[in-house]
Amino acid sequence: MKRLITLTFFAVYAVTYSQQKITFTYDLAGNQTIRTLCLTGCSSKPAREIKEIEAVVDEDLQQFFPGDNISYYPNPVKEELYLKWESVDLNMLSSALIYSVSGQLLRSYNNLENLNTLNVSFAEYSQGVYLIALKYKNGDEKSIKIIKQ
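Using my numbering, the letters of the sequence shown map in sequence onto residues 1 to 149.
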């Protein structure tokens, strides 16, 4: 009887603690960059605290491209994305378009010439990846991937 209890105890212990955990690391665009297999004692790092839009400072903003004049926060987004830009050489931002991954236009923001910030609501969208395309008056276009959690 003691052997059965001891064997049961070790079997439960082995099943409980033998599960392996895989952790993922992502870059700013949402692409998976590192996959790590945790065999013993791995702890996941705490999720980054998402701030209110009013509390966002320039250090929190992520840039579209290094050295770019367009920045955004947060990615991944839960409810609202904050976009900020600066006009360079009188090349003003004219519109922002939100697309699903399949290419369907979900929302457009036009007449942005006199603005330098935009709050984009993602509350009505389901979880997934979305594309934001920014169009300039001179015809240039930039786009980024945004992950909705």
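Ideal Cβ positions, reconstructed from N, Cα and C, are used throughout, including at glycine.
Beta carbon of residue i nearer than 9 Å to that of residue j
| i | j | result |
| --- | --- | --- |
| L131 | Y82 | no |
| Y125 | N91 | no |
| A123 | A96 | no |
| A29 | N69 | no |
| L150 | L106 | Because the chain here runs from 1 to 149, residue 150 falls outside it and cannot be looked at. |
Residue i - DSSP class collapsed to helix/strand/coil
| i | result |
| --- | --- |
| V12 | helix |
| P46 | Note that P46 has pLDDT 46, beneath the 50 cutoff, so the model's placement of it is unreliable and the number below is only indicative. It is coil, neither helix nor strand. |
| L7 | helix |
| A123 | coil |
| K84 | strand |
| K142 | strand |
| K135 | strand |
| K78 | coil |
Alpha-carbon to alpha-carbon, residue j and residue i
| i | j | result |
| --- | --- | --- |
| W85 | L37 | 39 Å |
| S108 | L115 | 15 Å |
| D89 | S121 | 29 Å |
| V129 | I146 | 6 Å |
| A47 | T25 | Low confidence applies to A47: its pLDDT is 49, below 50, so where it sits in the model is not reliable, and the reading given next is rough at best. Answer to the nearest angstrom: the Cα atoms are 12 Å apart. |
| N119 | S102 | 23 Å |
| S71 | K78 | 17 Å |
| Q104 | K21 | 36 Å |
| N31 | I144 | 11 Å |
| V12 | R3 | 14 Å |
| T23 | I34 | 8 Å |
| E141 | K148 | 22 Å |
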